[in-house]
Amino acid sequence: MSDASQPGALPLFYRDPQPLSAETHGAWRLRDGDAAFAADTAFAPLVVAEIAAAARDYPVVFSAGESAQPVAVLGLEQRNLFVENGHWADDAYVPAYVRRYPFGFVATVNPDGFILAVDAASDRLMQTGDEGAPLFDGDQPSALTQDAMAFCRAFQGEAEATRAFGEALRVQGLLIDRRADAVLPDGRKLGLDGFQVIDTERFANLDEAVVVEWHRRGWLALANFHLASLERFNALLARQGKTGSAEPAPKPTKSKKA
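Counting with the working numbering, you get residues 1033 to 1290 for the letters of the sequence shown.
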């Protein structure tokens, strides 16, 4: 599991993010689409406001990079077990990162620091014709684009809070390397590594002052949602078993680097 925050790396799903402008995209339209773009990824980034909801359906872990980004585990190989024929499972939470696509924010040097962008490579975007909803009304953002701006602005605000939580976990030395493995009856091995989880012993021994601060900031609850979600690895293996039976799911184990 790579750290999507590495400099120069394109964000997950995005192949050609372009800052939106009436001059360039004035005639562009966005047609309805599905979740096929997310079918081949085994994880999706999360923000702190959705960890509780995501933890009901997925294992929630942290990337092994400097950002300690919380992510939902969607599969044990390069496949999203929750997307079938372009449709995200009705009984599963859809991460905000997925819902905002093909829109997103890109960093700028303007006072706000970010500007709304769109992935020009998305097959939902139409540069000509009348299919879909317009991105602009004349030289002004359309209602669709205004809604996307509001959603991305809220997401960006949560991203700042998410970074603060990840940094706090790192400062307290709570994150340890883990991996998850399973073996199919035909001998094929499935595995996921490069992620981290909270060490329960270190977490239980946090200083009292830290516990009080984390309680006030809601971080204790987030940590507990994460820990409870690790049981979802069993459900993930059961879901994998629908397309190829796997042995009983092991709990995440220490990686060689731990």
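Using N, Cα and C, we set each Cβ at its ideal position, and we do this for glycine too.
These figures come from a predicted structure and were not determined experimentally.
Straight-line Cα distance separating valine 1126 from glutamate 1163: Linking glutamate 1163 to valine 1126 through their CA atoms gives a straight-line distance of about 26 Å.
Which of helix, strand or coil DSSP assigns to glycine 1107: Residue state for glycine 1107 is assigned as coil, using DSSP reduced to three classes.
Assigned secondary structure, leucine 1176 (DSSP; H/G/I helix, E/B strand, else coil): The answer is helix: DSSP assigns leucine 1176 an H, G or I state.
Contacts around aspartate 1213, its chain only, beta-carbon distance under 6 Å, and the 5 residues preceding and following it disregarded: Contacts found: Gly1223.
Beta-bridge partners of arginine 1061, as assigned by DSSP: Looking at the DSSP assignment, arginine 1061 forms a beta bridge with Met1158 and Pro1166.
Enclosing beta strand (DSSP E) for valine 1150 [first to last residue]: Run containing valine 1150: 1146-1151, per the beta strand (DSSP E) assignment.
Closest residue to aspartate 1097 among Ser1261, Thr1232 and Glu1199 (Cα-Cα distance): One point to set straight first is that residue 1097 is glycine, not aspartate, in the sequence displayed. Closest option to glycine 1097, Cα to Cα, is Glu1199.
Under the three-state DSSP convention, the category serine 1053 falls into: In this structure, serine 1053 counts as coil in the three-state DSSP scheme.
Inter-stretch contact at 8 Å, needing at least 3 Cβ pairs: the stretch 1072-1080 / the stretch 1232-1242: Counting Cβ pairs under 8 Å, fewer than three are found: no touch.
Cβ neighbour criterion (16 or more within 10 Å) applied to alanine 1170: For clarity, residue 1170 is glycine in the given sequence; the question names alanine instead. Exposed, because fewer than 16 other Cβ atoms sit within 10 Å of the Cβ of glycine 1170.
Beta carbon proximity, asparagine 1266 to chain B, threshold 8 Å: Among the protein chains of the structure shown there is no chain B, as only one such chain exists.
Beta-bridge partners of glutamate 1077, as assigned by DSSP: Sequence check: residue 1077 is proline here, not glutamate. According to DSSP, proline 1077 bridges with Val1103.
Cβ-based neighbour list, glycine 1058, same chain, cut-off 6 Å, excluding 5 preceding and 5 following: Once the five neighbours on either side are set aside, the close Cβ partners of glycine 1058 are Phe1168.
Stretch pair the stretch 1087-1106 + the stretch 1047-1064: three plus CB contacts closer than 8 Å: Contact between the stretch 1087-1106 and the stretch 1047-1064 is absent, because fewer than three Cβ pairs lie under 8 Å.
Continuous beta strand (DSSP E) stretch holding arginine 1210: start and end: Element bounds for arginine 1210: 1207-1215.
Closest by C-alpha distance to glutamine 1050, when choosing among Ala1139, Glu1263, Gly1118 and Ala1084: It is Ala1139 whose Cα lies nearest to the Cα of glutamine 1050.
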